[in-house]
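Chemist: Note that the protein sequences, when read in sequence, are chains A and B.
The first sequence lines up with residues 259 to 1136 when you count with this note's numbering.
The second sequence lines up with residues 1406 to 1515 when you count with this note's numbering.
Yeah, the Cβ is synthetic: ideal placement off N, Cα and C, and Gly gets one too.
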Amino acid sequence: MGIWLIEVLISEELVEEVLGDLEEIFQDRVKNSGVVKARAHYFLDAILSARNHNLRRPKKITQNNTVPMIRNYIKTIFRTLAKNRVYSALNILGLALGLSACLFIVQYVNYEYSYDKFHSNHENLYRVRYQILRGEEIQVDCAAAVPRVGPFMKETMPEVVDFARAFPMEAVFARNNIQYREKRVQIVDPSFLKIFDYPLIHGDAASALVEPNKLVITESIAKKYFGETDVVGERIQLLTSFAQPLEITGVTKDVPENSHLKYNFLVSFETINQRTIDEETGNSYSETSWDWYDFNTYVLLKEGTDPAYFNQKFTEVLYEERKEEYERSSATEAFPLQPITDIHLYSNLLQESEPQEQGDGDTVFFLSMIAAFILIIAWINYINLSTAKSLERAKEVGVRKSMGAYKRQLIYQFLIESFVLNFLALVIALGLVILLTPIFSELADAPLSRAFFLKPEFWLAIVGILALGSVLSGLYPAFLLSSFRPIQILKGKLTTNKSGIFLRRFLVVFQFAASVTLIAGTIIVYRQLNHMKKSDLGFEMTDTMVIRGPHPNDSTFAQRFKSFKEELNGKSTVRLTSSSSNVPGEEIFWTRGMRKQEETRESNFIVYLVSVDYDYFDAYQIDIVSGRNYDRLLTTDTANLLINEAAVAALGINSPQEAIGQKVKYGGNNRTIIGVVSNYHQLSLKNNINPLIFPLDESSADFITAKLNASDYQAIYEDIKASYHNFFPGAPFETFFLDEFYNRQYVNENHFSRTFTLFALFAIFVACLGLFGLTSFSALQRTKEIGIRKVLGAGVSQIVIILSKEFLILVGVANVIAWPLIYLIMNNWLDNFTSRIAIGIPVFIVSAMLVLIIAIIAVGYKTLTISRTNPVNALRYE
Amino acid sequence: MKGSNLGEFEELILLTVASLDMEAYAVSVKNELELRAKRKTTISAIHSSLYRLEDKGYLVSAFGGATSKRGGKKKRCFQVTNAGFAVLQEAKNLREKYWASIPQLTFASS
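Shown next as structure tokens:
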């Protein structure tokens, strides 16, 4: 121990003699006072020798002139930068672009992960899912549960602190006879404001939603209706669902964008309870129902409750309560909990609160990977370019070394250089990010704000990236450059570093493989999107204007509605009108269990309902595969039914022809099938085709479809609007064109495609930088060779070929590496779609050609300049 | 270095080395100090002084023979240089001058 201490403490030169001295004293002491004491003394002496730590150490480099040296380094950096403007710009720009791309993604990913984290209870808040199971098979997997389950959980499970239900709907409100159609209306329990963090700016959260016919609205809605926010005590008329004036008892702040549960209006739950009272029992159906699954139910659990254990326990409790019903229907239910923070990214159930906003956890994860990837590519590129450039700096290194610079100083110098460049790039990147945030925010469809840049975490990350980047990207060039031997450099000989070249080749192959992958990915995504937009959906959606129907408000409505349709049909600009409860592209929430009449309840399956009038199939040009359409002349058709092919299959009938005349039962209705329509795509090609049935109901007025003849949409719009207001004064007039409406289902794919394109561009740019660097490097090394070739009569084109050949081979290798990768990744992606394109060989060829052309341009510039130089210049420096 | 003045301990060591003639190395200096000046010192203190004095040019060193007692390790023997003697001399002279300038050998306490 003592010896080891000495060896550590004392300089090499002295260690032996000091040890000798200690040993001698030790021996004396052993004689005089015994081994133990001597040992203790030895150890003590060893420790005390610490004072001699600095004795006879080899002189350290004491940089008394640190500051001037650093100043000199920085001066040198800017001189080299200025000397080689193109190169420097490329290098810094590449790094800056990489950093800004990375920052954008980090910003976006950060936003996506922030969903619902603003609730102070978010770790213990869960949404109750609703599943109907038949045996092992999940028949319904829904985000909204039945109204009874929330109270039942609270009664039976001690872990439940509180629950809140939210029943989403659309409604028309009126104030001073001005009507507004409003989305995001939620009928909620009083506890809603308690378990979630939606702070009230006016009113009292505890009592606001206790009584019936109370209303809480958001700040911006208050401004829209009243022009001010303090509107507690005012009234708004609810026109749809249950016409009723509602008293405003509270105003909340607007719901944050990163909430999966958005509202503009909160109606007290008692309001709906009063309207669903069962006359026999006196209980409200909206409290007792186990079937009506439209209620998003949230529970707040006690701190530290394990949801998996909770689910298991609740399943048992539930079975006790519901087993008779299960035996009767031979189906079971499950209500698994889902953390609310998972809803935005990882949930894709029926009746999601904001289906258009639903995020995709995989994509977000994929993006964070890409962010890291981009950053690494950018750094690699920096390394690549600086090592390539190192040859030009070699002379400087030689001179510095012969002037007495230590290797360590040179390493410092190049690290400082890398720090300065990284810093410059970071400043540019931050500028870019701040400048482009609004554009990117639109592109990514996420409200990214510059506020993100004020967070301390962000700056911490920036400093981290800067430090890591400087060291990582500076280390290799620093060591390479500082290891040059001055004599050789100054003589003009350069040792070619085999491993260095290999590294750079590897980098180029890597970058190009990434580029090819991204280009091919872009092409495939684009083609799939096109395929989806162009492919035959089974119905026609051009020139189709859809009007959201007015709400029925009195007994004359049905007649007026009919007259309105007739007036539309009478217009020369309108070819045909039809009214229905749903239109293609709109998710159907109306479901029933259906079976053949002769079968029992066990064979029930879920069908989706669209109630239609006589002209629906004509208007949409949906093929009737067998049987016939409803006929106006046959009054008995109300007892008949049209279904789609998927429903035929679900009924277990072999062909559409056989289905005709079969008697079926759905809900409480008995119907005879008179026609089968083709499997048109009610929803996008991403979705499966569900069994649909189309009961006849001329009065269903949710959507009015008008097929237009002319193309002067503006005039038609005004014309129809006038008629509409004529028949339904005060009702809001809202329309959309079906193609636009339908294609909004591909919003995510469009984003995906745009993001892909962006990254592809970036990757190619960076890869070209790398290639450019490599070409310059190798061309410089072969200056003499080229000179000699030219003297011996080689032409410019020959030299260009010689110089480019190597890189084109690299690009080829990159292609070969990328192909299986593309195939795997894109095949996986395409599997998300029920109707997908095949990955053809042309995609590979096109992307390969594209990359090759870009590579040739990148290499060509440098090789051309080099092959044009006068050979005298190349050979003279000898 | 503050001029060529010697510290008290340094002066003692220098004197010890001088008196030990050829046999001055760290351990013997330590023993000698204990013997003559009744000073208990640690070996590390001796080391630092010896090497510092060598750096100042007052001592030179050479490797002496190894003994089995030392576990076969070399020892460094010190000798006083001319400069070392000069500086000792100077210190002695200085003191003598002061002694000479004390008017009489009477002391306030007596």
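Please list the partners that N290 of chain A has in chain B, where partner means a Cβ-to-Cβ separation under 8 Å.
Modeler: Working through the first sequence from its first residue, we reach residue 290 of chain A at position 32. Near N290 of chain A there are no residues of chain B at all, since even the closest Cβ is about 12 Å away, more than 8 Å.
Chemist: Just to confirm, is the Cβ distance from T599 of chain A to K375 of chain A under 8 Å?
Modeler: For this step, residue 599 of chain A is matched to residue 341 along the first sequence. For this step, residue 375 of chain A is matched to residue 117 along the first sequence. Yes. Within cutoff.
Chemist: Quick check on this structure: which residue in A:N948, A:S517, A:Q1003, A:I506 has the alpha carbon closest to the alpha carbon of N937 of chain A?
Modeler: The residue you call residue 937 of chain A lines up with position 679 of the first sequence. Checked all of A:N948, A:S517, A:Q1003, A:I506; the closest Cα to N937 of chain A is A:N948.
Chemist: Nearest CA to the CA of T232 of chain A: which residue from A:Y369, A:F1020, A:S587, A:A359?
Modeler: No statement about residue 232 of chain A is possible, as the shown extent of chain A runs from 259 to 1136 and does not include it.
Chemist: For my contact list, I1115 of chain A and T993 of chain A are in at a C-beta cut-off of 8 Å; report their separation, rounded to the angstrom.
Modeler: As a position in the first sequence, residue 1115 of chain A is number 857, starting the count at 1. As a position in the first sequence, residue 993 of chain A is number 735, starting the count at 1. Contact flag wrong, Cβ pair sits at about 49 Å.
Chemist: Out of A:I777, A:I782, A:S773, A:K653, state which residue places its alpha-carbon closest to the alpha-carbon of Q746 of chain A.
Modeler: By 1-based counting over the first sequence, the position of residue 746 of chain A is 488. Nearest option by C-alpha distance: A:K653.
Chemist: Could you pull out every residue in the same chain whose Cβ sits closer than 8 Å to the Cβ of M1406 of chain B, ignoring the five residues on either side in sequence?
Modeler: For the purposes of this step, residue 1406 of chain B is taken as residue 1 along the second sequence, with counting starting at 1. With a pLDDT of 41 at M1406 of chain B, under the threshold of 50, the predicted position of this residue should be treated as unreliable, and no value is reported.
Chemist: So, is Y982 of chain A buried or exposed, given that buried needs 16 or more other C-beta atoms within 10 angstroms?
Modeler: The count along the first sequence starts at 1 and reaches residue 982 of chain A at position 724. Buried, because 16 or more other Cβ atoms sit within 10 Å of the Cβ of Y982 of chain A.
Chemist: Counting only Cβ pairs nearer than 8 Å, list the residues of chain B close to R1145 of chain A.
Modeler: Chain A is shown from 259 up to 1136; residue 1145 of chain A falls before or after that span and cannot be answered.
Chemist: If you reduce the DSSP assignment to three classes, tell me which class Q397 of chain A lands in.
Modeler: For this step, residue 397 of chain A is matched to residue 139 along the first sequence. Strand, per DSSP.
Chemist: Comparing the C-beta of A1442 of chain B with each C-beta of chain A, is any distance below 8 Å?
Modeler: Translated into the one-based positions of the second sequence, residue 1442 of chain B becomes position 37. So, not an interface residue.
Chemist: Is L280 of chain A close to chain B, meaning its C-beta is less than 8 Å from at least one C-beta of that chain?
Modeler: By one-based count along the first sequence, residue 280 of chain A stands at place 22. Taking Cβ atoms only, chain B reaches closer than 8 Å to L280 of chain A, which makes this a yes.
Chemist: For S588 of chain A, tell me which candidate among A:I390, A:V474, A:M427, A:Q671 has the shortest Cα-Cα distance.
Modeler: As a first step, residue 588 of chain A is located in the first sequence; it is residue number 330 there, counting from the start. Nearest of A:I390, A:V474, A:M427, A:Q671 to S588 of chain A, Cα basis: A:I390.
Chemist: For the alpha helix (DSSP H) that S884 of chain A lies in, which residues bound it at each end?
Modeler: Translated into the one-based positions of the first sequence, residue 884 of chain A becomes position 626. It is not in any alpha helix (DSSP H) - S884 of chain A instead sits in the beta strand (DSSP E) that spans 882-885.
Chemist: If we define contact as Cβ-Cβ less than 8 Å, is K1407 of chain B a contact residue for chain A?
Modeler: As a working mapping, residue 1407 of chain B is identified with position 2 in the second sequence. Residue placement at K1407 of chain B is flagged as unreliable, the pLDDT there being 46, under the threshold of 50; the coordinate-derived value follows with that caveat. No, K1407 of chain B lies away from the interface with chain A (no Cβ there is under 8 Å from its Cβ).
Chemist: Would a C-beta distance cut-off of 8 Å place V489 of chain A and L504 of chain A closer than the cut-off?
Modeler: Within the first sequence, the letter at position 231 stands for residue 489 of chain A. Within the first sequence, the letter at position 246 stands for residue 504 of chain A. No, Cβ-Cβ distance for V489 of chain A and L504 of chain A is not below 8 Å.
Chemist: Between which two residues does the alpha helix (DSSP H) holding D977 of chain A run?
Modeler: Along the first sequence, read from residue 1 onward, the residue named residue 977 of chain A stands at position 719. 971-985 is the extent of the alpha helix (DSSP H) around D977 of chain A.
Chemist: Can you list, in chain order, the residues of its chain whose CB lies under 8 Å from that of R309 of chain A, leaving out five sequence neighbours each side?
Modeler: Indexing the first sequence from 1 puts residue 309 of chain A at position 51. Once the five neighbours on either side are set aside, R309 of chain A has no close Cβ partner at all.
Chemist: How big is the Cα-Cα spacing for S1515 of chain B and K1502 of chain B?
Modeler: Within the second sequence, residue 1515 of chain B is the residue found at index 110, counting from 1. Within the second sequence, residue 1502 of chain B is the residue found at index 97, counting from 1. Caution is warranted here: a pLDDT of 45 is assigned to S1515 of chain B, below 50, making its placement in the model unreliable, and the coordinate value is therefore given only provisionally. Approximately 24 Å between the Cα atoms of the pair.
Chemist: Out of A:Y734, A:E916, A:V407, A:V935, point me to the one whose CA is closest to W550 of chain A's CA.
Modeler: Looking up residue 550 of chain A in the first sequence gives position 292. Checked all of A:Y734, A:E916, A:V407, A:V935; the closest Cα to W550 of chain A is A:V407.
Chemist: Should Q671 of chain A and Y331 of chain A be called a contact, given that it needs their Cβ atoms to be closer than 8 Å?
Modeler: Within the first sequence, the letter at position 413 stands for residue 671 of chain A. Within the first sequence, the letter at position 73 stands for residue 331 of chain A. Yes, Cβ-Cβ distance for Q671 of chain A and Y331 of chain A is below 8 Å.
Chemist: Could you work out which residues of chain B lie near E270 of chain A, taking near to mean beta carbons separated by less than 7 Å?
Modeler: For the purposes of this step, residue 270 of chain A is taken as residue 12 along the first sequence, with counting starting at 1. Under the 7 Å cutoff, chain B gives no residues; its nearest Cβ is about 14 Å from E270 of chain A.
Chemist: With three or more C-beta pairs closer than 8 Å as the rule, is the stretch 903-910 of chain A touching the stretch 813-827 of chain A?
Modeler: They do not touch, by the three-pair rule.
Chemist: Could you confirm whether any beta carbon from chain B is found closer than 8 Å to the beta carbon of L263 of chain A?
Modeler: Against the first sequence, residue 263 of chain A aligns to sequence position 5. Not an interface residue.
Chemist: Shorter than 8 Å from the beta carbon of V293 of chain A to some beta carbon of chain B?
Modeler: In the first sequence, the residue the question calls residue 293 of chain A occupies position 35. No, V293 of chain A lies away from the interface with chain B (no Cβ there is under 8 Å from its Cβ).
Chemist: Return no unless some Cβ of chain A is closer than 8 Å to the Cβ of G1476 of chain B.
Modeler: For the purposes of this step, residue 1476 of chain B is taken as the residue at position 71 of the second sequence. Yes, because at least one Cβ of chain A sits closer than 8 Å to the Cβ of G1476 of chain B.
Chemist: May I ask which residues mark the beginning and end of the beta strand (DSSP E) holding G1469 of chain B?
Modeler: For the purposes of this step, residue 1469 of chain B is taken as the residue at position 64 of the second sequence. Unbroken beta strand (DSSP E) run through G1469 of chain B: 1464-1469.
Chemist: Ignoring anything shorter than 4 residues or poking outside the stretch 1422-1447 of chain B, list the alpha helix (DSSP H) runs there in chain order.
Modeler: Listed in chain order, they are 1431-1442.
Chemist: Taking just the CA atoms, how far does T1041 of chain A sit from S1125 of chain A?
Modeler: To locate residue 1125 of chain A, count along the first sequence from 1; it is residue 867. To locate residue 1041 of chain A, count along the first sequence from 1; it is residue 783. Whole-angstrom Cα-Cα distance: 9 Å.
Chemist: What is the DSSP secondary structure of K921 of chain A, counted as helix, strand or coil?
Modeler: As a working mapping, residue 921 of chain A is identified with position 663 in the first sequence. Note: K921 of chain A maps to strand in three-state DSSP.
Chemist: By Cβ distance below 8 Å, which residues in the same chain neighbour G796 of chain A in space, the five residues on each side in sequence not counted?
Modeler: Start at 1 with the first residue of the first sequence, and residue 796 of chain A comes out as number 538. Around G796 of chain A: I880, D881, S936, N937, Y938, H939.
Chemist: Any heavy atom of the ligand GDP inside 7 Å of the beta-carbon of G885 of chain A?
Modeler: Annotation note on the ligand GDP: not contained in the displayed structure, which lists no ligands.
Chemist: Counting Cβ pairs closer than 8 Å, one from the stretch 1014-1032 of chain A and one from the stretch 853-868 of chain A, do we hit at least three?
Modeler: No, because fewer than three Cβ pairs between the stretch 1014-1032 of chain A and the stretch 853-868 of chain A fall closer than 8 Å, the two stretches do not touch.
Chemist: If the cut-off is 8 Å on Cβ atoms, which residues from the stretch 1417-1449 of chain B count as contacting chain A, listed in chain order?
Modeler: Going along the stretch 1417-1449 of chain B in chain order, one finds Y1430, A1431, V1432, K1435, T1447, I1448, S1449 with a Cβ nearer than 8 Å to chain A.
Chemist: Using three-state DSSP, classify F994 of chain A as helix, strand or coil.
Modeler: Locating residue 994 of chain A in the first sequence gives position 736, counting from the first residue. If DSSP states are grouped into helix, strand and coil, F994 of chain A belongs with the strands.
Chemist: Indicate whether at least one CB of chain B lies closer than 8 Å to the CB of R309 of chain A.
Modeler: Within the first sequence, the letter at position 51 stands for residue 309 of chain A. Chain B, which has a Cβ nearer than 8 Å to the Cβ of R309 of chain A, makes this yes.
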